[in-house]
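Chains as they are written, first to last, in the working numbering: chain A, 1 to 243; chain B, 1 to 243; chain C, 1 to 243; chain D, 1 to 243.
Where is the CB? At the ideal position from N, CA and C, for every residue including glycine.
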């Protein structure tokens, strides 16, 4: 049997402790619901990490034993930690930024764009359309799924054209959004998934969690590689070459 | 008549002053040859900048009046300047990294990957094949062109899949390389062009300079935009919404 | 002054003659409104063609003098004509399939997929979001535009991933759609644009027509090329090669 | 245990019977070597088919029980069979065109371009560089592999930009070629792989066959789907809608 995919679910974990509305929905943090769901799946071993922990939750021994990193958070992370996470993504670690992580340092560093968007917190209906029914991440999802009460994110979403666009959201208030986007960078795979807000019970939704579990399997490393710029001898005869 | 495209040709400009071999080929720097060629074209106004100048050659008044930035250099630039250049690319400025700039901070920051490659300095023959004869950057180039004496860059080149791949190089010593690559990021366009090495007279070659001039026109800003994350009121009636 | 872009606006032109509701909106056909708008633009010379004409409106002398072909129609065209149009697209002619042309033989032939979608004719509101404000086709359009009364097209739209996705539609009834899609194939450029239905006055809308005019300029041929499989002598010495 | 992937290796199988040089290298046809190699792999069940058989080797009961179709051949196949194969690819069947199949009807139909290229039959050395060491198709291949005696195919190769470019070939005579290209179309996956020529023992090479076996696994259907254009009722209340 193959080794399980080692997932770390990183969460800012601020609002769940400081805001009573959020605490009521996620008493142990959003990451707890996600990690529990993943641990109930075959072949996945998930643990939790958060900002207030030593090394902001990602000391080397944790990061270096993570195959797929799920990320929920805004902007508070140290630059040197962002650089470490970035490096590990390029070496092969999967990265799944969720919702507010569109504006996280790590997501913007990996993509190189601003990742800005429109937003509105009005508890409106969102319907996510499945554009790629044969993609591994959309298996078992159906042609669309709905969230009755969601924060709105609207286009233009400032990202590089995704390698594959899996979901487009329809919002009750009139906007649309590219809600599920795949990229490959070096050896790593990135899947941005829009749903999730601290004041709505989004991560209680099984379809949302199923997409995340599918994405974990898709983003699991296929190969670990390091990058270098080696001087390289010729493979054909080069007159006069002496190294 | 339209305003000319304002180009700044930035060069590290170290080897031309410290290495006699390089000085012999480029007494005023590689940027001088490129800027002179561009200034002889209709509709382009080019100036030079280099590392040893105040603000590393790019004070705000220069950067803020640059439509297309050509970049030759390795790693010496200050991080805050890199951040400024990056921001301006996303707002619309064209970026044309040349040769060694594959490893520059600005190129790696914009793309988000390591941009590593194989290399060898053996003065061998390079033949660049034109894959996209209808692209604006390849106009007037023919099906291939040759450089008799070039540094080798070899695959794998660690970059995100280019939006458009224009040139593949064949090297005498047995390697291949994606030598002309286009990307779009936010409002900006990026064209990486491989040819150019300080110890060979690459920028004396008219075909190389013609590609650069074509790329300047292609990368010229189509629109300047800033990025923000505005809160946005609904466009359809949302019961209970009060802003 | 450059020669004008020669546009042929091809229309099935059936419903406008057989259905009183359609005739009331488009007494001279939808193609007449589009051609008139284009002819009022500088640098564009448009003519009309339709299915009931000799050679189904596209005899060789018309096709061979067309730079950009706009196409509105379903499935009635002869296979040999489709093959001719396809060949000319690959040689450099721009192709702009409108609305129902998602299911035209020529669009499916060029893309190689089924191009199927969901649909509903309920006169509902459509809002088209502009994802790429710096693209030539979206100039002057703003962040979105609305059509008060439109046929619905819904995802999944069975197309190859577009090179560039310009518009996503929001529909009042709850669907989304990739409504403006760019592809490049050989020397030709293709822009699919969703708006337009015979029973609604879509082509009376100036924003719709402005997008079409922008697309004409974008799709205008940059180079005409023919395709062949030439036997090619070596460029390097090959011992024993005798042709 | 999962069902094996059902592979059909289709071969024109003309030269092996009519040309003594070819017969000496492939007495039972090129498809025999490929099928034997695949049948020695776990989880793959391969059979052979060829042009001279009834229904040109692909009667419905064969095609309808094929998960991945490997294709070696030029231009002789009936149009109605090409249409059937195309339809099945869009429904989910993998397609692996080899070498000369760049000019087959089925490959050109699926991609929509001419798929033309330069060529030369001079028994020269080819070196295939691996650009994507983490892709499933390149597992176990190393940074490059060589074929000592190959037909040359040269750029420009008239194809839509591949979703993923895996191999670039270097040829002794001075050309380069995109030799391993991935596309997705509807539910189907396509991998074009350049190596293989009837007068050279290419399919005796284990690395070539390993790439093909990897490609079979990559192209195996993830989901079978049919395409339709259903009329679809609204998901939100539409005043006045009565179906």
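- Query: Can you find a CB in chain D that lies within less than 8 Å of the CB of residue 127 of chain B?
  - Reply: yes
- Item | Beta-carbon neighbours of residue 65 of chain B, restricted to chain A and to distances below 9 Å | Those within 9 Å of residue 65 of chain B in chain A number zero; the least Cβ separation is about 22 Å.
- Message: Can you find the residues in the same chain that come closer than 8 Å, C-beta to C-beta, to residue 27 of chain A, ignoring five residues on each side of it along the sequence?
- Response: 16
- Message: Using only CA atoms, which one of D/111, D/152 and D/23 lies nearest to residue 238 of chain C?
- Response: D/152
- chain A residues whose Cβ lies nearer than 8 Å to that of residue 156 of chain C: 129, 130, 131, 132, 133 and 143
- Which full runs of the beta strand (DSSP E) of 3+ residues lie inside the segment 130–211 of chain C, going along the chain? 144–154, 164–171, 176–185 and 188–193
- Item | Alpha carbon of residue 185 of chain A to alpha carbon of residue 113 of chain B, nearest angstrom | As the crow flies, the alpha-carbon of residue 185 of chain A is around 6 Å from that of residue 113 of chain B.
- Message: Since residue 173 of chain A and residue 234 of chain B should fall inside the 8 Å C-beta cutoff, what is the C-beta to C-beta distance between them, to a whole number of angstroms?
- Response: 3 Å
- Message: Rounding to the nearest angstrom, what Cα-Cα distance links residue 124 of chain C and residue 110 of chain D in this structure?
- Response: 35 Å
- Item | Between the CA atoms of residue 29 of chain C and residue 155 of chain B - distance to the nearest angstrom | Here the alpha carbons of residue 29 of chain C and residue 155 of chain B stand approximately 55 Å from one another.
- From D/167, D/99, D/98 and D/63, pick the residue whose C-alpha is nearest to that of residue 82 of chain D; which is it? D/63
- Is residue 120 of chain C helix, strand or coil by DSSP? strand
- Query: What are the residues that DSSP puts in a beta bridge with residue 84 of chain A?
  - Reply: Bridge partners of residue 84 of chain A: none, in fact.
- Task: Flag residue 138 of chain B as yes if its beta-carbon sits less than 8 Å from any beta-carbon of chain D, otherwise no.
- Result: Taking Cβ atoms only, chain D never reaches closer than 8 Å to residue 138 of chain B, which makes this a no.
- Closer than 9 Å, Cβ to Cβ, to anything on chain C: give me those residues from the segment 19–50 of chain A, in chain order. For the segment 19–50 of chain A, which is checked against every Cβ of chain C, not one residue is closer than 9 Å.
- Item | Residues, ordered as in the chain, of the segment 175–190 of chain B that lie near chain D by beta-carbon distance below 9 Å | 175, 176, 177 and 178
- Closest Cβ-Cβ distance between residue 173 of chain C and chain B: below 8 Å? no
- Item | Chain-ordered neighbours of residue 113 of chain B on chain D, where CB pairs are closer than 8 Å | Chain D residues near residue 113 of chain B: none, gap ~13 Å exceeds 8 Å.
- Item | Limits of the unbroken alpha helix (DSSP H) element including residue 113 of chain A | Here residue 113 of chain A belongs to no alpha helix (DSSP H), and DSSP marks it neither H nor E.
- Query: The beta strand (DSSP E) with residue 68 of chain A in it runs from where to where?
  - Reply: 68–72
- How would you call residue 40 of chain A, buried or exposed, if buried means at least 16 neighbouring beta carbons within 10 angstroms? Residue burial is scored here from C-beta neighbours: residue 40 of chain A has fewer than 16 other C-beta atoms within 10 angstroms and is therefore classed as exposed.
- Buried or exposed: which applies to residue 61 of chain A, given that a residue is buried once 16 or more other Cβ atoms fall within 10 Å of its Cβ? It counts as exposed.
- Name the two residues that bound the continuous beta strand (DSSP E) containing residue 8 of chain A. 5–11
- Between residue 136 of chain A and residue 222 of chain D, is the Cβ-Cβ spacing less than 8 Å? Yes.
- Query: Mind checking whether the beta-carbon of residue 95 of chain D lies closer than 7 Å to any heavy atom of the ligand SAH?
  - Reply: With respect to the ligand SAH, the structure offers nothing, as it holds no ligand at all.
- Message: Cutting at 6 Å between CB atoms, please list the residues of its own chain near residue 116 of chain B, excluding the five before and the five after it.
- Response: The answer, listed in chain order, is 158.
- So, is the C-beta of residue 225 of chain D closer than 8 Å to a C-beta in chain A? Interface with chain A (8 Å Cβ-Cβ cutoff): residue 225 of chain D is included.
- Message: As a quick exercise: from A/58, A/182, A/80 and A/230, pick the residue whose alpha carbon is nearest that of residue 120 of chain B.
- Response: In this structure, A/230 is the residue among A/58, A/182, A/80 and A/230 with its C-alpha nearest to the C-alpha of residue 120 of chain B.
- Task: For residue 99 of chain D, count neighbouring C-beta atoms within 10 Å of its own C-beta (all shown protein chains included) and say buried if the count is 16 or more, exposed if not.
- Result: buried
- Query: Are the segment 185–204 of chain A and the segment 84–98 of chain A touching by the rule of at least three beta carbon pairs closer than 8 Å?
  - Reply: yes
- What does residue 92 of chain D reach in chain A if we use C-beta pairs closer than 8 Å? 134
- Name the chain C residues whose beta carbon is nearer than 9 Å to that of residue 119 of chain A? By Cβ distance, chain C contributes nothing, its closest Cβ being about 14 Å from residue 119 of chain A, past 9 Å.
- 9 Å Cβ cut-off: residues of chain C touching residue 69 of chain D: Going along chain C, no residue has its Cβ under 9 Å from residue 69 of chain D, so there is no contact; the nearest lies around 16 Å.
- If you check the beta carbons only, do residue 202 of chain D and residue 150 of chain D fall under 8 Å apart? yes
- Kindly indicate if chain B contains any beta-carbon less than 8 Å away from that of residue 222 of chain C. yes
- Query: For residue 109 of chain B and chain A, any beta-carbon pair shorter than 8 Å?
  - Reply: yes
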